[in-house]
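Following: one structure in structure tokens, then a few remarks.
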Ligand code: SF4
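Numbering (my numbering), first residue to last: 1023 to 1431.
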């Protein structure tokens, strides 16, 4: 095989990593290198200038695979063993040098590292751990590290990964277990769940120890996972039900949704077209409603149904539950206010502060939110009541964005 330059490897292995959505740097512990100690920092505002994902995600992390060689044959993956892509592999030292070099040039805040399975799950996990260990112990790197865990690897290796990484993630990949069995025959759903359960226990034990003594932190930013949307027939309600149970069972920080991308030479068992990107966006919005707005999944969408694509899930819920509106913003509690379409957590908290001093007017609401039109049918203020607007038959049409011409090609 021809020797590839480092630049060419970077092109191949950053492009190969773009399909993994499960990275975000929220929730890490604060480390810095003030006083001349160490290299790097996880403090905000540092080094955000280089994106490797075309959709804009993870722009502050160097997001790469250690290698896109893989001995598995997951039908939905461009790196599967039967795929005809150009292969490349970094050495541990190359990944460390790139991370440190980009960090020092202020291109990145940290590293997101995943890998195809080379030789065996244990060998691959050892290599990933070696990268994180070298960065931390040899270079005293204090930036953010997110490692992908190979669920079939030995538990001791997974534990070691979590001691060096801020976050670890194990991809559950497909919303339905039988789809995973069918499309990724070497993967084992039970093994994935077992590994996620072990990480959960480690994170909880690490947090407990950390309170009592200066113990090494175990994945302080917790764990996350990714669900591929549109590779199987699971509707949004089923996908969100899966997320709901994953949040409950494994204390996940985040479930990421990644719209399935058709890949070259793929099997007839996969769809030919990717789902509309707005579907991924609606799933993220619904996920936020479950995590931060007090909604139950069943309130947002029934298990066998899809989310509406034209309007966001909170507006869809409000239109179906008009009896709950209009809501008097001067007397409602926080939980009720969070259910008003167009009101976010920050806006609600600021309104509650203002309310201590004076009665909220429409002008206050305009100042504290991004737009009044969507809100007006659902709220009452000191100087505004919507009258019959809330119950108008054409309210949905008035609030939905105008239809767009579909693309023909
Ligand atoms: S194990 Fe990962 S890299 Fe390998 S084929 Fe499956 S999804 Fe792709």
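Think of the CB as a built atom: it goes at the ideal place given N, C-alpha and C, for glycine as much as any other residue.
Next on the checklist: Less than 8 Å between the C-beta atoms of residue 1282 and residue 1293, yes or no?
Outcome noted: If you number the chain shown from 1, residue 1282 lands on position 260. If you number the chain shown from 1, residue 1293 lands on position 271. The answer is yes: Cβ separation under 8 Å.
Checklist entry - Pick from 1144, 1239, 1089 and 1176: whose alpha carbon is nearest that of residue 1189? => result Looking up residue 1189 in the chain shown gives position 167. With distances taken between Cα atoms, residue 1189 lies closest to 1239.
Checklist entry - Given residue 1372, which residues of its chain have a CB within under 7 Å of its CB, disregarding the five upstream and five downstream residues? => result Reading the chain shown from its first residue, position 350 is the one you call residue 1372. By the criterion of a C-beta distance shorter than 7 Å, residue 1372 is surrounded in its chain by 1390, once the five residues flanking it on both sides are discounted.
Checklist entry - ligand 1 heavy atoms versus the CB of residue 1095: any closer than 7 Å? => result Here residue 1095 is taken as the residue at index 73 of the chain shown, counted from 1. Residue 1095 has its Cβ nearer than 7 Å to a heavy atom of ligand 1.
Item to check | Residue burial classification, residue 1143 (beta-carbon count within 10 angstroms, cutoff 16) | outcome: Position 121 of the chain shown holds residue 1143. Result: buried.
Item to check | ligand 1 heavy atom lying under 7 Å from the CB of residue 1192 | outcome: Here residue 1192 corresponds to residue number 170 of the chain shown, with the count starting at 1. No, the beta carbon of residue 1192 sits no closer than 7 Å to any heavy atom of ligand 1.
Checklist entry - What is the DSSP secondary structure of residue 1036, reduced to helix, strand or coil? => result Here residue 1036 corresponds to residue number 14 of the chain shown, with the count starting at 1. Reduced to three states, the DSSP call for residue 1036 is helix.
Item to check | Every unbroken alpha helix (DSSP H) within the segment 1211 to 1280, with a cutoff of 4 residues, ordered by chain | outcome: Uninterrupted alpha helix (DSSP H) stretches at least 4 residues long and entirely within the segment 1211 to 1280 occur at 1211 to 1234 and 1258 to 1272, given in chain order.
Checklist entry - If you count every other CB in all the chains shown that lies within 10 Å of the CB of residue 1225, and 16 or more means buried, which is it? => result The count along the chain shown starts at 1 and reaches residue 1225 at position 203. Looking at its Cβ environment, which holds 16 or more other Cβ atoms inside 10 Å, residue 1225 is buried.
Checklist entry - In terms of alpha-carbon separation, which member of 1092, 1101 and 1132 lies closest to residue 1288? => result Locating residue 1288 in the chain shown gives position 266, counting from the first residue. Nearest in C-alpha terms to residue 1288, of all of 1092, 1101 and 1132, is 1101.
Checklist entry - Hey, residue 1341 and residue 1418: beta-carbon distance below 8 Å or not? => result Numbered from its first residue, the chain shown carries residue 1341 at position 319. Numbered from its first residue, the chain shown carries residue 1418 at position 396. Between residue 1341 and residue 1418, the CB-CB gap stays under 8 Å.
Item to check | Cut-off 8 Å between Cβ atoms - residues of its own chain near residue 1115, not counting five sequence neighbours on either side | outcome: Start at 1 with the first residue of the chain shown, and residue 1115 comes out as number 93. Excluding residues within five positions, the ones whose Cβ falls inside 8 Å are 1156.
Checklist entry - If residue 1262 sits next to residue 1223, beta carbons under 8 Å apart, how far is it from one beta carbon to the other, in whole angstroms? => result Locating residue 1262 in the chain shown gives position 240, where the first residue counts as 1. Locating residue 1223 in the chain shown gives position 201, where the first residue counts as 1. The beta-carbon distance between residue 1262 and residue 1223, rounded to whole angstroms, is 25 Å. This is too long to meet the 8 Å contact definition.
Next on the checklist: Does residue 1168 come out as helix, strand or coil in the three-state DSSP assignment?
Outcome noted: Position 146 of the chain shown holds residue 1168. The DSSP-derived three-state label of residue 1168 is strand.
Next on the checklist: Nearer than 7 Å: is that true of the beta carbon of residue 1250 relative to any heavy atom of ligand 1?
Outcome noted: Position 228 of the chain shown, counted from the first residue, corresponds to residue 1250. The nearest non-hydrogen atom of ligand 1 is 7 Å or more from the C-beta of residue 1250.
Checklist entry - Cβ-heavy atom distance between residue 1102 and ligand 1 below 7 Å? => result One-based indexing of the chain shown puts residue 1102 at position 80. Indeed, a heavy atom of ligand 1 lies less than 7 Å from the Cβ.
Checklist entry - What is the rounded straight-line gap between the Cα of residue 1218 and the Cα of residue 1265? => result Residue numbering aside, residue 1218 sits at position 196 when the chain shown is read from its first letter. Residue numbering aside, residue 1265 sits at position 243 when the chain shown is read from its first letter. Cα to Cα, residue 1218 sits roughly 13 Å from residue 1265.
Checklist entry - Do residue 1367 and residue 1349 have their C-beta atoms within less than 8 Å of each other? => result As a first step, residue 1367 is located in the chain shown; it is residue number 345 there, counting from the start. As a first step, residue 1349 is located in the chain shown; it is residue number 327 there, counting from the start. Contact flag unset, no.
Item to check | Span of the alpha helix (DSSP H) around residue 1400 | outcome: For the purposes of this step, residue 1400 is taken as the residue at position 378 of the chain shown. No alpha helix (DSSP H) holds residue 1400; DSSP gives it neither H nor E.
Checklist entry - Which partner residues of residue 1086 appear in the DSSP bridge assignment? => result To locate residue 1086, count along the chain shown from 1; it is residue 64. Bridge pairing for residue 1086: 1135 [DSSP].
Checklist entry - Hey, quick one: how far does the alpha helix (DSSP H) through residue 1191 stretch, first residue to last? => result For the purposes of this step, residue 1191 is taken as the residue at position 169 of the chain shown. According to the DSSP assignment, residue 1191 belongs to no alpha helix (DSSP H) but to the beta strand (DSSP E) extending over 1189 to 1191.
Item to check | Spatial distance of residue 1047 from residue 1088 (CA atoms) | outcome: In the chain shown, the residue the question calls residue 1047 occupies position 25. In the chain shown, the residue the question calls residue 1088 occupies position 66. Per-residue confidence for residue 1047 stands at a pLDDT of 42, beneath the threshold of 50, marking its modelled position as unreliable; the derived number appears in the next sentence. Approximately 20 Å, taken between the alpha carbons.
Item to check | Helix, strand or coil at residue 1321 [DSSP, three-state] | outcome: Reading the chain shown from its first residue, position 299 is the one you call residue 1321. For residue 1321, the secondary structure class from DSSP, reduced to helix, strand or coil, is helix.
Next on the checklist: Beta-carbon within less than 7 Å of residue 1067's beta-carbon, same chain only, minus the 5 sequence neighbours each way: which residues are those?
Outcome noted: In the chain shown, residue 1067 corresponds to position 45, counting from 1. Caution applies to residue 1067, whose pLDDT of 36 falls short of 50 and renders its modelled position unreliable; the model cannot decide the point.
Item to check | residue 1170 to residue 1220 span [Cα, whole Å] | outcome: For this step, residue 1170 is matched to residue 148 along the chain shown. For this step, residue 1220 is matched to residue 198 along the chain shown. Separation of residue 1170 and residue 1220 (C-alpha to C-alpha, rounded to the nearest whole angstrom) is 15 Å.
Checklist entry - Cα separation between residue 1250 and residue 1098? => result In the chain shown, residue 1250 corresponds to position 228, counting from 1. In the chain shown, residue 1098 corresponds to position 76, counting from 1. Going by the C-alpha atoms only, they are around 9 Å apart.
Item to check | CB contact flag (residue 1374, residue 1392, <8 Å) | outcome: Numbered from 1 along the chain shown, position 352 holds the residue referred to as residue 1374. Numbered from 1 along the chain shown, position 370 holds the residue referred to as residue 1392. Contact flag unset, no.
Checklist entry - Is the closest heavy atom of ligand 1 to the C-beta of residue 1154 under 7 Å? => result The residue given as residue 1154 occupies position 132 in the chain shown. Of the heavy atoms belonging to ligand 1, none sits nearer than 7 Å to the Cβ of residue 1154.
Item to check | Pairwise C-alpha distance: residue 1278 and residue 1192 | outcome: To locate residue 1192, count along the chain shown from 1; it is residue 170. To locate residue 1278, count along the chain shown from 1; it is residue 256. For residue 1192 and residue 1278, the gap between their C-alpha atoms comes out near 11 Å.
Checklist entry - In chain order, what residues of the same chain have a beta carbon less than 8 Å from the beta carbon of residue 1032, not counting five sequence neighbours either side? => result As a first step, residue 1032 is located in the chain shown; it is residue number 10 there, counting from the start. Once the five neighbours on either side are set aside, the close Cβ partners of residue 1032 are 1086 and 1120.
Checklist entry - Taking the alpha carbon of residue 1248 as the point to measure from, which residue in 1312, 1370, 1268 and 1382 has its own alpha carbon closest? => result Here residue 1248 corresponds to residue number 226 of the chain shown, with the count starting at 1. Nearest in C-alpha terms to residue 1248, of all of 1312, 1370, 1268 and 1382, is 1268.
Checklist entry - To which residues of the same chain is residue 1149 closer than 8 Å at the C-beta, ignoring the five residues directly before and after it? => result Within the chain shown, numbered from 1, the residue matching residue 1149 stands at position 127. Taking C-beta separations shorter than 8 Å and ignoring five residues to either side along the sequence, the partners of residue 1149 in its chain run 1088, 1114, 1137 and 1140, following chain order.
Checklist entry - With DSSP run on the structure shown, which of helix, strand or coil describes residue 1411? => result Your numbering for residue 1411 matches position 389 in the chain shown. For residue 1411, the secondary structure class from DSSP, reduced to helix, strand or coil, is helix.
Next on the checklist: Using the Cβ count rule (16 or more neighbours within 10 Å means buried), how would you classify residue 1302?
Outcome noted: Taking the chain shown and counting its residues from 1, the one referred to as residue 1302 is at position 280. Burial state of residue 1302 is buried, judged by a 10 Å Cβ sphere holding 16 or more other Cβ atoms.
Item to check | residue 1185 and residue 1124 closer than 8 Å at C-beta | outcome: By one-based count along the chain shown, residue 1185 stands at place 163. By one-based count along the chain shown, residue 1124 stands at place 102. Between residue 1185 and residue 1124, the gap from beta carbon to beta carbon reaches 8 Å or more.
Checklist entry - If you draw a straight line from the alpha carbon of residue 1122 to that of residue 1165, how long is it in whole angstroms? => result Reading the chain shown from its first residue, position 100 is the one you call residue 1122. Reading the chain shown from its first residue, position 143 is the one you call residue 1165. Spanning the two alpha carbons is a distance of roughly 9 Å.
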